[in-house]
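Asks: Please see the structure below; I have some questions.
Protein chains: 2
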Amino acid sequence: MSTFLEQLETPVPVVDLDRMAMNLDRMAAYATLHGLQLRPHVKTHKSPRIAAEQLRQGAVGLTCATLREAEVMSEVCDDLLVAYPPVGAARLERLARLPQHVRVAVSADDAAALPALSVAAKLGRRSFDVFVEADVGMHRVGVSNPDRAVLLAKAIHDTSHLEFGGVLFYPGHIRQNVPDQSGALAALGTDLARYIDALRDAGLPPRVVSGGSTPAAWRFHEVPGVTEVRPGTYVYNDRTTAMIGACDWDDCALTVLATVVSVAVKGQAVIDAGTKALGREPIRAEGDGFGAVLDHPEVVVSRMSEEHGILDLSKSDWKPRLGDLVRIVPNHVCIVVHLFDEIIGVRGHAVETQWPVAARGRGPAYEEVDKGPSRPRAVKDEAR
Amino acid sequence: MSTFLEQLETPVPVVDLDRMAMNLDRMAAYATLHGLQLRPHVKTHKSPRIAAEQLRQGAVGLTCATLREAEVMSEVCDDLLVAYPPVGAARLERLARLPQHVRVAVSADDAAALPALSVAAKLGRRSFDVFVEADVGMHRVGVSNPDRAVLLAKAIHDTSHLEFGGVLFYPGHIRQNVPDQSGALAALGTDLARYIDALRDAGLPPRVVSGGSTPAAWRFHEVPGVTEVRPGTYVYNDRTTAMIGACDWDDCALTVLATVVSVAVKGQAVIDAGTKALGREPIRAEGDGFGAVLDHPEVVVSRMSEEHGILDLSKSDWKPRLGDLVRIVPNHVCIVVHLFDEIIGVRGHAVETQWPVAARGRGPAYEEVDKGPSRPRAVKDEAR
Chain P
15 MSTFLEQLET PVPVVDLDRM AMNLDRMAAY ATLHGLQLRP HVKTHKSPRI
65 AAEQLRQGAV GLTCATLREA EVMSEVCDDL LVAYPPVGAA RLERLARLPQ
115 HVRVAVSADD AAALPALSVA AKLGRRSFDV FVEADVGMHR VGVSNPDRAV
165 LLAKAIHDTS HLEFGGVLFY PGHIRQNVPD QSGALAALGT DLARYIDALR
215 DAGLPPRVVS GGSTPAAWRF HEVPGVTEVR PGTYVYNDRT TAMIGACDWD
265 DCALTVLATV VSVAVKGQAV IDAGTKALGR EPIRAEGDGF GAVLDHPEVV
315 VSRMSEEHGI LDLSKSDWKP RLGDLVRIVP NHVCIVVHLF DEIIGVRGHA
365 VETQWPVAAR GRGPAYEEVD KGPSRPRAVK DEAR
Chain R
15 MSTFLEQLET PVPVVDLDRM AMNLDRMAAY ATLHGLQLRP HVKTHKSPRI
65 AAEQLRQGAV GLTCATLREA EVMSEVCDDL LVAYPPVGAA RLERLARLPQ
115 HVRVAVSADD AAALPALSVA AKLGRRSFDV FVEADVGMHR VGVSNPDRAV
165 LLAKAIHDTS HLEFGGVLFY PGHIRQNVPD QSGALAALGT DLARYIDALR
215 DAGLPPRVVS GGSTPAAWRF HEVPGVTEVR PGTYVYNDRT TAMIGACDWD
265 DCALTVLATV VSVAVKGQAV IDAGTKALGR EPIRAEGDGF GAVLDHPEVV
315 VSRMSEEHGI LDLSKSDWKP RLGDLVRIVP NHVCIVVHLF DEIIGVRGHA
365 VETQWPVAAR GRGPAYEEVD KGPSRPRAVK DEAR
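Sequence order for the protein chains is P and R. Just so we're aligned: the first sequence equals residues 15 to 398 in the working numbering. Just so we're aligned: the second sequence equals residues 15 to 398 in the working numbering.
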């Protein structure tokens, strides 16, 4: 017996499988066309099932932020980049305990992190590729100039059990996929060339120059020197991605299905998706609200409580009734996925499948029973 | 062998058990002193362990928002208010399937919700108390005036399996626990009196008049007519609660322990707690940032990515180093709890205990094996 969208309990994240397939295809084709390596960031989906599909379509490996993500993804991938500073005893221990057959890279911006990383590598009987993270304008992490990059690359090169992997950057400040951002992309190219030249002059040419973010990914063929792209959001897309022009509205594959639970206050309807289902993420583009109705994009979630979302009906002729179902395109889909344990996959209105957000949370993915450092272990919670 | 705070893996929510005990004591004493019934909202802690302590200290029952919360709390409490509109088939079915010995109340603002609720009650062989939710100025849910309240109360009274329970309101717009808010509290009293009088005149005097929110809870003894208070946040408190004067900084019991992972960019330090650990909740008071350092409240989390929090050091002499641990007081603690599966309890620097956030998530808390409508069932996941 089929289950239909209309029978699901709300709030729940629902993925349009056809749209997701198109999104996966499109990025894989883009990377192939331009000769860029694709290393998708799994933070968006946190699912080994989707990661496996990304690898099947030619991704060279996966990008992770947390050790939970790396552990879960080690079940389907033997080439992981943990694009996060390797700092803190527990993080180092878990890095070292990743299965031995998995090639593991990390990113660093501080030579002070290297000695402990080297010890962890030695104890875990492995080595790490270490990327120099360069700050290209976002001012979050990363060395601030090519001289510092060279010093760090040398320190990596000179530390046992560590290999210099290349340059990594995250141009999170380049969000607009529109023509007037070409200047920012050109500046990025100039900046990267300074890093690449300095490293080459020092005898440490970067094998890989790796850039993150979905909006920028679609433009990296215009930036000389870039060899690898690490987009995450593109698998689902979201309202911000659409509003900045890095995808179409019809490319938004994940919506939060919600129920109208109150129409008592004039000019609005209240749904059962609030901050604990949508996150309180502002739109990083023209517009306001915390999400919009898929079929009525003029209706936004204008206010939220933890379990209430207020739909502002002032700009719409649509009159939702008590009990109606709505699908909300969230502003930032990565946050929504992190708020749920399970995702529903639909084909049209028919529920076709569901999968756990296996890499959600922080705890170790491997069974505690097996304390060995490197044998293959079963991932916990996948079947939950 | 003891474990200390300094050995924990970050990011992780840590509760100071002494502070939490003080917070629980203080609200219980306040309610007793003023003859108010205390029905704490469990959305903040989502833990049956803490709920049991609230009940031991005299709470008359518990308030829930989600059915997951109600199911988990039915293990420790036989008097539950689901302060949420009873709309949607799954919500009704789960309400009806709560254990038979548990008294269940819901809040409503629309007579259109009553027929289905009545059917669910009949099929579940139970009855529901139904509160009329009144909008007293927040404009989220609730009937807008006493005439509508009377119509709804009559409809409840006239519907089989439903009992009129009283009036429920949530003055979320009254956030300041400071003297100049006395005017708003006086207006609230006047407003409530109109509702109470109208219902009494209609022959349906409310047994209970129940108000929510932690900041307002401390002032409800000044509002005539209120019989019950439903604070949630007070168990942990947070930066917003402290900044509006509804608690002291030293009453903030929950912090997010985080590690400094980068000091590469001048004037800032980066910690491993971003939006996926702290939520992107603005401070609803004077100030900025998304949280502040417990021991250096002048240092706020000024920007965030999903796994990065940027500490703005411009107003501080404190110079954190790579690998340092910091404790962040979040702006809104209810969101933080919802982001984690487990909470660590500490006494000073010693880790004393830990407990699951058992009512986090959306799925049914009872074992699927038992499909009976009302027998006591074991709660899943508590031991995870």
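Even for Gly, the Cβ is constructed at its ideal location relative to N, Cα and C. Just so you know, these numbers come straight off a predicted model, no measurement behind them.
(1) Please list the terminal residues of the continuous alpha helix (DSSP H) segment that includes Met36 (chain R).
(2) Would Ile349 (chain P) and Thr289 (chain R) be called neighbours here (beta carbons separated by less than 8 Å)?
(3) At what residues does the alpha helix (DSSP H) containing Gln68 (chain P) begin and finish?
(4) So what does DSSP say about Arg244 (chain R), is it helix, strand or coil?
(5) Does Pro11 (chain R) get closer than 8 Å to chain P when you measure Cβ to Cβ?
(6) How about Ala65 (chain P) and Val56 (chain P): are their beta carbons less than 8 Å apart?
(7) Can you name the start and end residues of the alpha helix (DSSP H) that Gly203 (chain R) belongs to?
(8) Indicate the three-state DSSP secondary structure (helix, strand or coil) for Phe183 (chain R) in the structure shown.
(9) Does the distance from the CB of Val240 (chain R) to the CB of Gly259 (chain R) come in under 8 Å?
(10) With burial defined as no fewer than 16 other Cβ atoms inside 10 Å of the residue's Cβ, what is the status of Ala397 (chain P): buried or exposed?
(11) Entirely within the stretch 253-306 of chain P and at least 4 residues each: give me those alpha helix (DSSP H) ranges in chain order.
(12) Closer than 7 Å, Cβ to Cβ, to anything on chain P: give me those residues from the stretch 110-133 of chain R, in chain order.
(13) Could you tell me whether the stretch 171-190 of chain R touches the stretch 211-221 of chain R, using the rule of 3 or more Cβ pairs below 8 Å?
(14) Is there a Cβ of chain R sitting closer than 8 Å to that of Asp149 (chain P), yes or no?
(15) Excluding five sequence neighbours on each side, which residues of the same chain lie with their C-beta closer than 8 Å to the C-beta of Pro99 (chain P)?
(16) Which residues of chain R have a Cβ atom closer than 7 Å to the Cβ of Cys348 (chain P), listed in chain order?
(17) Please report how far the alpha carbon of Leu52 (chain R) lies from the alpha carbon of Leu69 (chain R), in whole angstroms.
(18) Tell me the DSSP secondary structure of Ile188 (chain P) in three-state form.
(19) When the Cα atoms are used, what is the spatial distance from His48 (chain R) to Leu76 (chain R)?
(20) Please report the Cβ distance between Val133 (chain P) and Leu176 (chain P), rounded to the nearest whole angstrom; I am assuming they are in contact, meaning their Cβ atoms lie under 8 Å.
(21) Could you tell me the boundaries of the beta strand (DSSP E) in which Val343 (chain R) lies?
(22) For the stretch 326-360 of chain P, which residues have a CB atom closer than 9 Å to at least one CB atom of chain R, in sequence order?
(23) Is the stretch 357-364 of chain R in contact with the stretch 333-347 of chain R, if contact means three or more CB pairs nearer than 8 Å?
(24) Which residues bound the beta strand (DSSP E) around Ala148 (chain P)?
(25) Just confirm the distance between the C-beta atoms of Leu325 (chain P) and Val315 (chain P), as a whole number of angstroms; I'd bet it's less than 8 Å.
(26) Within a Cβ cutoff of 7 Å, which residues of the same chain sit near Glu321 (chain R), ignoring the five residues on either side of it in sequence?
(27) Using the C-alpha atoms, what's the distance from Ile188 (chain P) back to Gly151 (chain P)?
(28) Taking the alpha helix (DSSP H) that Ser132 (chain R) falls in, what are its first and last residues?
(29) Give me the subset of the stretch 44-74 of chain R whose CB atoms are less than 8 Å from a CB atom of chain P, sorted by chain position.
(30) At the level of alpha carbons, what is the spacing between Leu157 (chain R) and Ser319 (chain R)?
(31) List the residues that DSSP assigns as beta-bridge partners of Ser55 (chain R).
(32) Which residues in chain R sit within 8 Å of Val279 (chain P), going by Cβ to Cβ distance?
(33) Can you find a C-beta in chain P that's less than 8 Å from the C-beta of Gly305 (chain R)?
(34) Since Glu366 (chain P) is in the alpha helix (DSSP H), which residue starts that stretch and which ends it?
(35) Is the beta carbon of Ser141 (chain R) closer than 8 Å to that of Pro185 (chain R)?
(36) Pull up the DSSP beta-bridge partners for Asp143 (chain P), would you.
Replies: In short:
(1) Per DSSP, Met36 (chain R) is one residue of the alpha helix (DSSP H) stretching across Leu31 to Leu47.
(2) Taking 8 Å as the cut-off, the beta carbon of Ile349 (chain P) is found closer than this to the beta carbon of Thr289 (chain R).
(3) For Gln68 (chain P), the enclosing alpha helix (DSSP H) covers residues Pro62 to Arg70.
(4) Three-state result, Arg244 (chain R): strand.
(5) Any answer about residue 11 (chain R) is impossible in this case: the structure gives chain R only from 15 up to 398.
(6) Contact: yes.
(7) Counting along the chain, the unbroken alpha helix (DSSP H) around Gly203 (chain R) starts and ends at Ser196 to Asp215.
(8) Strand, per DSSP.
(9) Not in contact: Val240 (chain R) and Gly259 (chain R) (Cβ atoms no closer than 8 Å).
(10) Its pLDDT being 39, under 50, Ala397 (chain P) is placed unreliably in this model, and the coordinates cannot settle the point.
(11) Taking only runs of at least 4 residues, the alpha helix (DSSP H) segments lying wholly in the stretch 253-306 of chain P are 253-257 and 289-292.
(12) Listed by position, the residues of the stretch 110-133 of chain R near chain P (Cβ gap below 7 Å) are Asp123, Asp124, Ala126 and Ala127.
(13) With the cut-off at 8 Å, the stretch 171-190 of chain R and the stretch 211-221 of chain R touch.
(14) Yes, Asp149 (chain P) lies at the interface with chain R (some Cβ there is under 8 Å from its Cβ).
(15) Cβ neighbours of Pro99 (chain P) beyond the five flanking positions: Val120, Ser121, Ala122, Asp123, Asp124, Ala127, Glu147 and Val155.
(16) Glu320, listed in chain order.
(17) Distance between the alpha carbons of Leu52 (chain R) and Leu69 (chain R) is about 9 Å.
(18) Three-state result, Ile188 (chain P): coil.
(19) Whole-angstrom Cα-Cα distance: 19 Å.
(20) Taking C-beta atoms under 8 Å as the contact rule, Val133 (chain P) and Leu176 (chain P) fail to qualify, at a distance of about 11 Å.
(21) Looking at the DSSP string, the run of the beta strand (DSSP E) that includes Val343 (chain R) is Leu339 to Pro344.
(22) Here the close residues are Arg335, Leu336, Gly337, Leu339, His346, Cys348, Ile349, His352, Leu353, Phe354, Asp355 and Glu356.
(23) Cβ pair count under 8 Å is below three, so no.
(24) Segment: none, Ala148 (chain P) is in no beta strand (DSSP E) and carries neither H nor E.
(25) Contact flag correct, Cβ pair sits at about 6 Å.
(26) Cβ neighbours of Glu321 (chain R) within its own chain (closer than 7 Å, five residues either side excluded): Asp286, Gly288 and Lys290.
(27) The alpha-carbon atoms of Gly151 (chain P) and Ile188 (chain P) are separated by roughly 9 Å.
(28) Counting along the chain, the alpha helix (DSSP H) containing Ser132 (chain R) begins and ends at Leu128 to Leu137.
(29) Answer set for the stretch 44-74 of chain R: Lys57.
(30) Per the sequence shown, the amino acid found at residue 157 (chain R) is Val instead of Leu. If you take the alpha carbons of Val157 (chain R) and Ser319 (chain R), they lie about 39 Å apart.
(31) The sequence shown places His at residue 55 (chain R), not Ser. According to DSSP, which records beta bridges pairwise, His55 (chain R) is partnered with R:Thr77.
(32) Going along chain R in sequence order, the residues near Val279 (chain P) (Cβ under 8 Å) are Asp149, His153, Arg154, Val155, Gly156 and Ser158.
(33) With 8 Å as the cut-off, Gly305 (chain R) does not count as an interface residue toward chain P.
(34) It is not in any alpha helix (DSSP H) - Glu366 (chain P) instead sits in the beta strand (DSSP E) that spans Ala364 to Pro370.
(35) No; because the gap between Cβ atoms is not below 8 Å, this pair is not in contact.
(36) Bridge partners of Asp143 (chain P): P:Ala119 and P:Glu177.
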